[in-house]
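Novice:
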Amino acid sequence: MSTLIVENRAGQQLTLPAQASLTLMDIMRDNGVEEILALCGGTCSCATCHVIVADEFADIVGAASDDENDLLDCSDHRTGTSRLACQVVFSDEMDGIRVKIAPED
Ligand code: FES
């Protein structure tokens, strides 16, 4: 089983089992990471699933869409590797990827 490593807002690292074809948001919610509110249910309209991808994994995750970029621009905490977790589909080549949950806006 592949893994997704998540740093929560308290600075704790959580190692989660990750299944290909699920979004990062689904993986976190399924594993009880409640800081990811995902209020819109993954339809790219709330930005409550904002995560910051570790630099070394940015290329593998790829670029955000225009809609995702527009939403991320509304965050005071956007970084160069910010993504909405509901818009990133996990694949096995992402095994071990590290993301940090962005501060709440
Ligand atoms: S869950 Fe709403 S934008 Fe990701």
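Here our numbering is used: the first residue of the sequence shown is 1143, the next is one more, and so on. Using N, Cα and C, we set each Cβ at its ideal position, and we do this for glycine too.
Mind checking whether the beta-carbon of residue 1227 lies closer than 7 Å to any heavy atom of the ligand FES?
Specialist: Yes, the ligand FES has a heavy atom inside 7 Å of this Cβ.
Novice: Using a threshold of 7 Å, is the CB atom of residue 1186 nearer than that to any non-hydrogen atom of the ligand FES?
Specialist: Answer for residue 1186: yes, Cβ within range of the ligand FES.
Novice: Rounding to the nearest angstrom, what Cα-Cα distance links residue 1206 and residue 1237 in this structure?
Specialist: 20 Å
Novice: Nearest-angstrom Cα distance between residue 1258 and residue 1229?
Specialist: This structure cannot settle anything about residue 1258, because the visible part of the chain is limited to 1143 through 1247.
Novice: Answer yes if the region 1206–1222 comes into contact with the region 1150–1168, meaning at least three C-beta pairs across the two stretches below 8 Å, and no otherwise.
Specialist: no
Novice: Determine the burial state of residue 1181: buried for a count of at least 16 other Cβ atoms within 10 Å of its Cβ, exposed for fewer.
Specialist: exposed
Novice: Whose C-alpha, out of 1243, 1191, 1235, is nearest the C-alpha of residue 1160?
Specialist: When C-alpha distances from residue 1160 are compared across 1243, 1191, 1235, the shortest belongs to 1235.
Novice: Excluding the 5 residues preceding and the 5 following residue 1177 in the sequence, name in chain order all residues of the same chain whose CB lies nearer than 6 Å to its CB.
Specialist: 1150, 1151, 1243
Novice: Can you tell me whether residue 1192 is buried or exposed, with buried defined as 16 or more other CB within 10 angstroms of its CB?
Specialist: buried
Novice: According to the neighbour-count rule (16 or more other Cβ atoms, all chains shown, within 10 Å of its Cβ), is residue 1170 buried or exposed?
Specialist: buried
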